[in-house]
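Under our numbering, the residues of the sequence shown are numbered 8 to 93, in order. Here a beta-carbon is modelled for each residue, glycine too, at the ideal position from N, C-alpha and C. Computed from a prediction, not measured in an experiment: that's the story for all the values here.
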Amino acid sequence: MIAMSSVLSGQRRMAAANLPPAVAGAVLGEARAAFTAGMNVAGLTAAAVLAVVVVIVAVLFRHVPPYGAAQAPETAQEEPERVSVG
8 MIAMSSVLSG QRRMAAANLP PAVAGAVLGE ARAAFTAGMN VAGLTAAAVL
58 AVVVVIVAVL FRHVPPYGAA QAPETAQEEP ERVSVG
């Protein structure tokens, strides 16, 4: 991601180099603001999806007992019969 970011940053600077300085500064500022706004939307969307998944998982697994919970033995284990020989 860092390599891609630096490539795009370099491309923006090269594109802005052909513009007058006042316009280039404005274009770079707007590009940075648009990128930041897009990342904010992506982050908030991911957080919302994660919250929905957490609620769904909690509802689906609420009947499952916790791992290692004490359980009453259903049947007593019987000792094997001893057979006497002879």
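query: G36 by DSSP, collapsed to three states: which one?
result: helix
CB of A38 within 9 Å of CB of R19, strictly: yes
message: Which of the three DSSP states is assigned to N47 in this structure?
response: helix
- prompt: What did DSSP end up calling F68 once you bin it into helix, strand or coil?
  reply: coil
query: So what's P73 in DSSP terms, helix, strand or just coil?
result: coil
field: Cutoff 8 Å; reference S35; Cβ partners in own chain excluding five residues on either side
entry: Per the sequence shown, the amino acid found at residue 35 is Leu instead of Ser. R19, R20 and A23.
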